[in-house]
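S.K.:
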Amino acid sequence: MRVTASHIVNWASTQAKEAQTDLPRWVRRLCFDPETTRQLSFPAGDSTYVPGWDGTLFSERGNAWVPSGASRWEIGCDQNVLGKANGDYQKRTEQISEAERSACTFVFVTPRRWAKKLDWVAEQCNKEEWAGVRAYDADDLEQWLEQKPAVALQFAEELGLSGWGVVSLSRYWDSWARQCRPPITPEALFMDRTQVFEALGEKIQTTNTSSSSAHPLVIRADSVEEAVAFTVAMVMASRDLQDHAMVVTEPQGWRYVEANPQLRIAIAARTETALNPIFRDKLRVIVPHATGDLVGKPEGDELVLERPNIYEFEKALIAIGMEESDAKRYALSTGRSWTVLRRQRALNPAIQHPPWLLTPQSASLPLLCLLGAWSADTAADRQVAERLAARPYEEIERDLRQLAQLDDAPVLNIGAVWKAKSPLELLDQCGNRITSGQLDRFLAIAREMLSTPDPQLELPEDHRWMAQVHGKVHPHSGLLFESICDSLMKLAVRGSEQVGLKALDIEERVSRLIHELLDKADGQRWLSLASYLPTLAEAAPDDFLRVVQSSLRMPDAPVTRLISENSDSGFGGRCWHSGLLWALETLSWAPRRLAPVALILAQLSHVPMRGNWGNKPSGSLFGLFRSWLPQTAASLPERIKVLNLLIDRDAEAAFRVLRKIAAGGQQAAFPAHRPKWREDDAGAGRGVTYDEMHEMLDFAKRKLLQLSEGNASRIVSLLQKTTLRDIEELSRVLALIKPFTLPTAKDEDREIIRIALRQIIHWHRNYDDAPANELDEWLSPAEASYELLAPQGLVTRHRWLFDSHWLELPSRDRDDDSWERGNAITQRRISALTEIYQAQCMVGIENLIRVCAEPSTVGATLARVVWDDIFWPEWITTKGEDFSTGMPMSLCIAGFLQTLPASVSGELLQAVIGLSKQDAGRPEKLARALALATPNQETWQLVEACGPEVSAAYWHGVRLYARGDDKELKFVLERLLVAKRPLSALQYCQYSLEQTDPTQLFSALQQLLHGEVEEGLQLESWHLEKMLGRLEESGEIDRMALIQLEFGLFPFLRYGREVKANALYEGVMSEPELFKELICLLYKPEHGDREEPTEASKAAAERAWSILHCCKRLPGTQPDESINVDIFDKFIKEVRDLCRVADRPTMCDQTLGQILAHAPADEDGTWPFAPVRELLDSPDLEEMRSGFCIGTLNKRGATSRSPWDGGDQERTLATYFHDQARRVQYSHPFVATMLEGIAKSYESHGKREDIEANLRKESF
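This is the structure in structure tokens:
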């Protein structure tokens, strides 16, 4: 039915108020033309009451209704049309200047019939007061609407008219989006779909500017309705398109489209509606399809509307008004599907029951509901499905494939994986169809699978990351394990809502199963189930807490194996206990479970842990009580009660929590694990009020003071967190210190507190910008306490001066230069040593040497004191004992000797040597004593004077870290090489390679190659690369000797530096005999008897493989990187001939092929370059082409991508290789076929990446 003038008049008469506010909006839409309109303003709705013109417009060309250029519009719904028109005309003529009127057209619009309209227009035009005058009544509006069918359709719907088999975009959107609570917004529907949004707009715009398409544009989505809704929302978002589009709801609607050539977009409401659409120039027909419906796939363009990732879907739900915790749960439970969400939150009960429930194939849905997901590639998974369904797997798969092709399909097929799209919805829809037999079989399967030990635990800890390689994996897929645990959880949480499942005591049976699995479980069972503990805990919270508590009470506390089993947090390490922590965090959201969880975490926090793991029981425990972001739904009074309980049961753990709570400054927090299906966390964990935060802080501070009484270590913790400007807080902490100033206090406790005070005083005196008088007020009480805490024992009192080379003094030294600060520290140390010496003689000094952290500082200070009653050579000889490296007394003597002036040190060493000869001391002991002196020419002369035995022992043990002049460098390297210490020699010269004699450097590397190693020393591959470069550039080393050296040192070149063995690769790729030798080392002959490899031959084979695998140099490569084709061809031929004689032709060709994969491209971009193409196109070189493919794939290396990116990278590479194949398909057909094979390999890889990405999107 079309809109007639009578309809418009009746609307104005019966709905006068709506007509007055809405008519400007309809006129605005009728006027707008994206190609010609440059200015448009027609206020509608409440804005019609604002003074001013009813409409202003500027059109570059105009049309039958819109004047060209500027126009001013008045719209009136009054019954007295003539009076309204005259009044508006006269008022506007008087208000507007003549200059403006001469450039504008005056237009009057009424929704009523006006018989004398033309007479009025003629009368006003004769006055020549405006550039032009026009008037439109209901008859004109009827004709105008005929030219704007999309606007007319929406206007007709508002008038209550329908019947064409079409609906407007706004009507369709409202009927789809508002069936959900809260309503879905276009912006939410677009989230994570920007690419499809832009592509759809581009395709529509392309159609509108080009000739017609004989095929529709297909939009695939979860459901047909969602595809239509997305398209409608996208078109509505475009002002240029919205007035030229509509939705065809019935086949007869195409007649309306055909009768209105102004329409540019026709959207079919259902797939079957578009069986016989119309096509014409500049009309884009859009047809929706369900994602799984691939039957009768139409030709033409297609866009696939993927479900958004879970994080974007969660954001979208929050944006439409959901609470955050609800949004997260719905994002999980709906499978990120707007169609499922709309059904679960539907206002209309009819929408809540999907059509697929009535299909014959729905008999397989209970199986899918219970298992959740499995991999058809895994035989054990298929057997589980057969056992549970009591049907052959072929029948099950047939049902699932048909279900997957339905609109709004409940099942997903991702590669070989079958998965319920929305597991929770499937339980709601099919829970009552699950029989008692199916449930019995499911629980039996779950018990069997979860009771099986994890095979990887049979391997040593450092081999478990290679469990797949060793075949130590479960026969069932990890997917099935996760899904079965998830099914147990959803059955326990939501199963009781189903009448049938409730009658089967589902919640009790699941709890009993989990209790049986974990009660009195050994460590192996806990480790085997480590990944599934959060799910099992949520399925049976109370039983889970009971079994954990019971396990902690057992003599060996098996559950703690999850912590003790942890390896280091490096590569291959695994954090076994993270699942347990997440499980406990999940349960702690419920206030009634907060106390048992806190006590368990406190117990676990005492278990020693290896590695630097961020996930720690202490961290989870603190997260429950964090003042500003507690990760529990318990109220503040409830949290305080639990903290008091924790203080009573485990004061040490409670103190650590309270200390973190009371800590000042900025803090970061990570959210705790939340329940997946339970609603214990609803509305919680997002922050608290300032009042609540400060109340928790005050409580923590009070309790910290109580717990710190009489405990020096805890007082230190408080001092480190105390703000000195808070006089009241500082006075409380200092009051705790007072008992430690009494004579009965232990010196150790005094010193612990004194160290903390000293650090605080130093920082504030030097780095606090407060005025000096304020600092004095704050610091004076702390400084007084510091002095009172001085230990009674002299050694303990002064030890801190010798615990570090650079001290933080309890005074201001910020304004001093480095010399002044160093001198102040030295004077304090001299005074301390003098005081100790005067009271306790050298016995006290020796005690200090034994207990301080830096004995060398004691020695350096002794070198500056003047005590005439000590014969230092005798003291050194006597107290040095055997001068063992690293011993406190040896470190002290080293500091002493190296601080003395050179002349004094020399005389002292002469005396030591003399005493050593008198005692007939061992040469090794004297050498160790001399090694403590400064390593310089003077010392080395003394060493040489002591004879060859002492010299040999000295150079065998001395540690050298710096070099002098070139003469000294050569001398030291010579001595170190004689002592067979190549690593020390190489480290000594590694920063002076240009000054190092190449022959000495070569000798050191040769020694290293022959196994001369030193404990605690290693050579970095970066330095080795530079050393080899120095040898190659020097030209002083024989080429073959250098090749052999680089061959031997090749394992030391790591991290991509293997290619820096230039001499080796130049030799290998220019000497066919060398290449053949590597092939023979690596591969056995193809015929005849094969000997068992020895350890030596295995090592040689590994090195040969590394060299050939890392080779990127082509034969014939010249110094300027160009390639001599003649040398290239000759090398290939000779190598193949030699390897054929050595009975290794196949692996020779494959290895050459892998190296040739590093060939450059021609100048025009064709790859590989011409000589390699000519070689590889030989029909009999199939093995070389195979090696080339392997090398091409291998040289790509590691890749990185977003978890949800899929195989886009691989498809880009496939396109590149397809292009290369097309370039050479007529000149080099075998090479083209090879390149096509590489492209197809990348396409297959891309599909695998797509499958992995889709599985990750599904949380697997």
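Our numbering runs 40 ahead of the 1-based position in the sequence shown.
By construction, the Cβ of each residue, glycine as well, lies at the ideal position given by its N, Cα and C atoms.
1. I need the DSSP call for residue 106, collapsed to helix, strand or coil.
2. If residue 1192 sits next to residue 1212, beta carbons under 8 Å apart, how far is it from one beta carbon to the other, in whole angstroms?
3. Can you tell which of 896, 627, 989 has the C-alpha that lies nearest to the C-alpha of residue 846?
4. Where does the unbroken alpha helix (DSSP H) through residue 1185 begin, and where does it stop?
5. Using the Cα positions of residue 190 and residue 287, report the straight-line distance between them to the nearest angstrom.
6. Can you give me the start and stop residues for the beta strand (DSSP E) that residue 287 sits inside?
7. What alpha helix (DSSP H) runs, 4 residues minimum, are completely inside the region 1041–1115?
8. Where does residue 306 fall in DSSP's three states?
9. Residue 1228: buried (16+ other C-beta within 10 angstroms of its C-beta) or exposed?
10. Does the region 948–967 touch the region 1004–1012, meaning 3 or more C-beta pairs lie closer than 8 Å?
11. Could you pull the start and end residues of the alpha helix (DSSP H) that residue 149 belongs to?
12. Can you check which of these residues, 712, 319, 310, is closest to residue 295 by C-alpha distance?
13. Whole angstroms is fine: what's the gap from residue 725's alpha carbon to residue 682's?
14. Looking at the secondary structure, which residues open and close the beta strand (DSSP E) in which residue 81 lies?
15. Classify residue 983 as buried or exposed, calling it buried when 16 or more other Cβ atoms lie within 10 Å of its own Cβ.
16. Taking the C-alpha atoms as reference points, what is the distance between residue 143 and residue 171?
17. Less than 8 Å between the beta carbons of residue 210 and residue 194, yes or no?
18. Is DSSP giving residue 811 helix, strand or coil here?
19. Could you pull the start and end residues of the beta strand (DSSP E) that residue 391 belongs to?
20. Can you tell me the Cα-Cα spacing of residue 428 and residue 475, whole angstroms?
21. Name, in chain order, the residues that DSSP records as bridge partners for residue 21.
22. Residues in its own chain within less than 8 Å of residue 1014 by CB, not counting five upstream and five downstream?
23. Express the C-alpha separation of residue 1099 and residue 1261 in angstroms, rounding to a whole number.
24. According to the Cβ coordinates, are residue 910 and residue 920 closer than 8 Å?
25. With a threshold of 7 Å on Cβ separation, who are the neighbours of residue 802 within its own chain once the five nearest residues in sequence on each side are excluded?
26. For residue 767, count neighbouring Cβ atoms within 10 angstroms of its own Cβ and tell me buried if that reaches 16, exposed if not.
27. Anyone know if the C-beta pair for residue 899 and residue 936 falls short of 8 Å?
28. Around the C-beta of residue 48, are 16 or more other C-beta atoms found within 10 angstroms, so that it is buried, or is it exposed?
29. If I measure Cβ to Cβ from residue 597 and keep anything under 7 Å in the same chain, skipping five residues before and after, which residues do I get?
30. So the candidates are 573, 422, 465; which of them puts its Cα closest to the Cα of residue 490?
31. Output the distance between the C-alpha atoms of residue 940 and residue 904, rounded to the nearest integer angstrom.
32. If we count Cβ pairs, one from each stretch, closer than 8 Å, do we get three or more for the region 289–304 versus the region 218–236?
33. DSSP state of residue 655, grouped into three classes?
34. Rounded to the nearest angstrom, what separates residue 104 and residue 1282 at their Cα positions?
35. I'd like to know whether the C-beta atoms of residue 1087 and residue 1068 end up nearer to each other than 8 Å.
36. Cα separation between residue 536 and residue 485?
M.R.: Inspection of the coordinates gives the following:
1. Here residue 106 refers to the residue found at position 66 of the sequence shown. The answer is coil: DSSP assigns residue 106 none of H, G, I, E or B.
2. Position 1152 of the sequence shown, counted from the start, is the residue given in the question as residue 1192. Position 1172 of the sequence shown, counted from the start, is the residue given in the question as residue 1212. Contact doesn't hold; Cβ gap of about 10 Å is too wide.
3. Along the sequence shown, one-based indexing puts residue 846 at 806. Nearest option by C-alpha distance: 896.
4. In the sequence shown, the residue the question calls residue 1185 occupies position 1145. 1185–1196 is the span of the alpha helix (DSSP H), which, as asked, contains residue 1185.
5. In the sequence shown, residue 190 corresponds to position 150, counting from 1. In the sequence shown, residue 287 corresponds to position 247, counting from 1. C-alpha separation (whole angstroms): 10 Å.
6. Within the sequence shown, numbered from 1, the residue matching residue 287 stands at position 247. Residue 287 -> beta strand (DSSP E) spans 285–288.
7. 1061–1074, 1079–1089, 1102–1108
8. Here the question's residue 306 lines up with position 266 in the sequence shown. Looking at residue 306 - three-state DSSP - the assignment turns out to be strand.
9. The residue given as residue 1228 occupies position 1188 in the sequence shown. So residue 1228 ends up on the buried side.
10. no
11. As a first step, residue 149 is located in the sequence shown; it is residue number 109 there, counting from the start. Unbroken run through residue 149 is the beta strand (DSSP E), 144–149; no alpha helix (DSSP H).
12. Position 255 of the sequence shown holds residue 295. Considering only alpha carbons, the answer is 319.
13. For this step, residue 725 is matched to residue 685 along the sequence shown. For this step, residue 682 is matched to residue 642 along the sequence shown. The straight-line gap from Cα to Cα measures roughly 17 Å.
14. Against the sequence shown, residue 81 aligns to sequence position 41. Segment 77–81, the beta strand (DSSP E) holding residue 81.
15. Taking the sequence shown and counting its residues from 1, one reaches residue 983 at position 943. With 16 or more other Cβ atoms within 10 Å, it is buried.
16. For the purposes of this step, residue 143 is taken as the residue at position 103 of the sequence shown. For the purposes of this step, residue 171 is taken as the residue at position 131 of the sequence shown. Rounded to whole angstroms, residue 143 to residue 171 spans 6 Å at the Cα level.
17. Reading the sequence shown from its first residue, position 170 is the one you call residue 210. Reading the sequence shown from its first residue, position 154 is the one you call residue 194. Cβ distance < 8 Å, so residue 210 and residue 194 count as in contact.
18. Here residue 811 refers to the residue found at position 771 when the sequence shown is read from its first residue. Note: residue 811 maps to coil in three-state DSSP.
19. On the sequence shown, residue 391 is found 351 positions in, with the first residue counted as 1. Neither: residue 391 is in no beta strand (DSSP E) and is coded neither H nor E.
20. Within the sequence shown, the letter at position 388 stands for residue 428. Within the sequence shown, the letter at position 435 stands for residue 475. Those two C-alpha atoms are separated by around 11 Å.
21. For residue 21 there is no data in the structure shown, the boundaries of the chain being 41 and 1300.
22. Indexing the sequence shown from 1 puts residue 1014 at position 974. 1040.
23. For the purposes of this step, residue 1261 is identified with residue 1221 of the sequence shown, where counting begins at 1. For the purposes of this step, residue 1099 is identified with residue 1059 of the sequence shown, where counting begins at 1. Going by C-alpha positions, residue 1261 is about 29 Å away from residue 1099.
24. Translated into the one-based positions of the sequence shown, residue 910 becomes position 870. Translated into the one-based positions of the sequence shown, residue 920 becomes position 880. Contact: no.
25. Stepping through the sequence shown from its first residue, residue 802 is reached at position 762. 848, 849, 850.
26. Numbered from its first residue, the sequence shown carries residue 767 at position 727. With fewer than 16 Cβ atoms within 10 Å of its Cβ, residue 767 is classed as exposed.
27. Your numbering for residue 899 matches position 859 in the sequence shown. Your numbering for residue 936 matches position 896 in the sequence shown. Going by C-beta atoms, residue 899 is nearer than 8 Å to residue 936.
28. By one-based count along the sequence shown, residue 48 stands at place 8. Classification of residue 48: buried, given that the 10 Å Cβ count is 16 or more.
29. By 1-based counting over the sequence shown, the position of residue 597 is 557. By the criterion of a C-beta distance shorter than 7 Å, residue 597 is surrounded in its chain by 591, once the five residues flanking it on both sides are discounted.
30. In the sequence shown, the residue the question calls residue 490 occupies position 450. Selected option, being the one with the closest Cα: 573.
31. What you label residue 940 is simply residue 900 of the sequence shown in a count that begins at 1. What you label residue 904 is simply residue 864 of the sequence shown in a count that begins at 1. Taking the straight line from one Cα to the other gives about 8 Å.
32. no
33. In the sequence shown, the residue the question calls residue 655 occupies position 615. Three-state result, residue 655: coil.
34. The count along the sequence shown starts at 1 and reaches residue 104 at position 64. The count along the sequence shown starts at 1 and reaches residue 1282 at position 1242. Taking the straight line from one Cα to the other gives about 59 Å.
35. As a first step, residue 1087 is located in the sequence shown; it is residue number 1047 there, counting from the start. As a first step, residue 1068 is located in the sequence shown; it is residue number 1028 there, counting from the start. Result no, Cβ atoms of residue 1087 and residue 1068 do not sit closer than 8 Å.
36. The sequence position of residue 536 within the sequence shown is 496, counting from 1. The sequence position of residue 485 within the sequence shown is 445, counting from 1. Going from the Cα of residue 536 to the Cα of residue 485 covers about 21 Å.
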